[in-house]
Structures are given as C-alpha cells and as structure tokens.
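Q:
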Amino acid sequence: MIRQPAVGCSVLGNRLQRICVRCFATKPPENRPSLSESKFSESKAFRGGRAKDATPLSRIPDLGDYYDTINYRRKKNISLLVSVMAFMIYFFILREENDLDETINQPPWVMVPRLERDVIRRKIARARLAGENTTDLEKELASLDKKEERLKEQWRLQGEQRTSW
C-alpha cells in the first residue's frame, strides 16, 4: 500500500521548488563563447588554473632530456650496483638453509618414488644387451628392496605409535 504525502508537504515542496528556480536559475549571457569557439591555450587551465600570472607551459624553457644526462646515468649505475650487492649479500652471506633447500638438494629418486629402482633396471637391461656382468647391479637392486622393506616397517611402526596416542 502506497502512502500519500500529507496535504501540506506537496504544497511546501512546490513552493520550495519555485524559490530555488527563482534564486539559482539564470540565463546564460549572450557574450559567452560557445565550447567550439574556446581555445585551450587561452584558458585558465593552460596557465595553471589558480595562478593568475602563471607562465603557459609552452613558454617554459626546454632543459633537455634528463635521461640523456651523465648525472642520470651515474645514478642509474649506482642504483643497479647497490641492488645487485644487496641481493648477493643476502643470498650468499646472510641467508640460512631451510627445508626447501634441503628438499631441492635431495637426489631425484628420493623425490620420485621408484625412480631409483627403474634406473637400476634400465642399467641391468643395457648391461645384458652389451654382454656385461650384472651381478653388482642385481646386488644393488636387492639392497634397494631390503632398504624399502625397512622403510615400510619403520613407517608402519610410526603409524602405530601415532594411533596409540
């Protein structure tokens, strides 16, 4: 259900509107140039807005390109040198090894399961094709199997200890 405004409100609103129109509405002067006739170079914005006696930007003398000066090149080279030195000091002197470094430095077969086993099997296959002795490689494969069994047993025992807590 829409509420109707009180009788006095609509009369007051109309009266207020008429007063505002009378006080603030003005006719544009006839001598004012249109937007198409005005030039930016003759406006206050060209001179800098508020400054009455500001020199236009076109009259500011050209001081040359700063980026071509020797002073800029020196500052750029010093900045580059300081940045590289800060990088080297941090990474080569101040930084300590963390878990990520240890993970990255591990051999690939530690990161990828069964990779070492596949590498040894390929070596055995190549040695057999070449007619070489494979007993050392087969012993290495057997020791890898034993090592894997010990690790599985260790993980199983650790899992039982965790569940017993």
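Those letters in the sequence shown? Residues 1 to 165, by full-length UniProt numbering. Ideal Cβ positions, reconstructed from N, Cα and C, are used throughout, including at glycine.
(1) Nearer than 7 Å: is that true of the beta carbon of I70 relative to any heavy atom of the ligand FMN?
(2) Is the CB-CB distance between W109 and E102 below 8 Å?
(3) Assuming the contact rule is C-beta atoms closer than 8 Å, L141 and I120 should be a hit. Round their C-beta distance to whole Å, please.
(4) Residue range of the alpha helix (DSSP H) that V110 falls in?
(5) Starting from L80 and walking both ways along the alpha helix (DSSP H), at which residues does that stretch end?
(6) For L151, count neighbouring C-beta atoms within 10 Å of its own C-beta (all shown protein chains included) and say buried if the count is 16 or more, exposed if not.
(7) Between the C-alpha atoms of S83 and Y90, what's the straight-line distance to the nearest angstrom?
(8) Can you check whether the CB of L137 is closer than 8 Å to the CB of K146?
(9) Assuming I104 is part of the alpha helix (DSSP H), what are its boundary residues?
(10) Tell me whether S143 sits in a helix, a strand or coil according to DSSP, three-state version.
(11) What is the DSSP secondary structure of N159, reduced to helix, strand or coil?
(12) What's the gap between the Cα of I104 and the Cα of N77?
A: In brief:
(1) Ligands are entirely absent from the displayed structure, and the ligand FMN is therefore not among its contents.
(2) no
(3) 5 Å
(4) P108 to M111
(5) I70 to I89
(6) exposed
(7) 11 Å
(8) K146 places its beta carbon 8 Å or farther from that of L137.
(9) Note, I104: alpha helix (DSSP H), D99 to I104.
(10) helix
(11) Note that residue 159 is Gly in the sequence shown, not Asn. Helix.
(12) Cα to Cα, I104 sits roughly 34 Å from N77.
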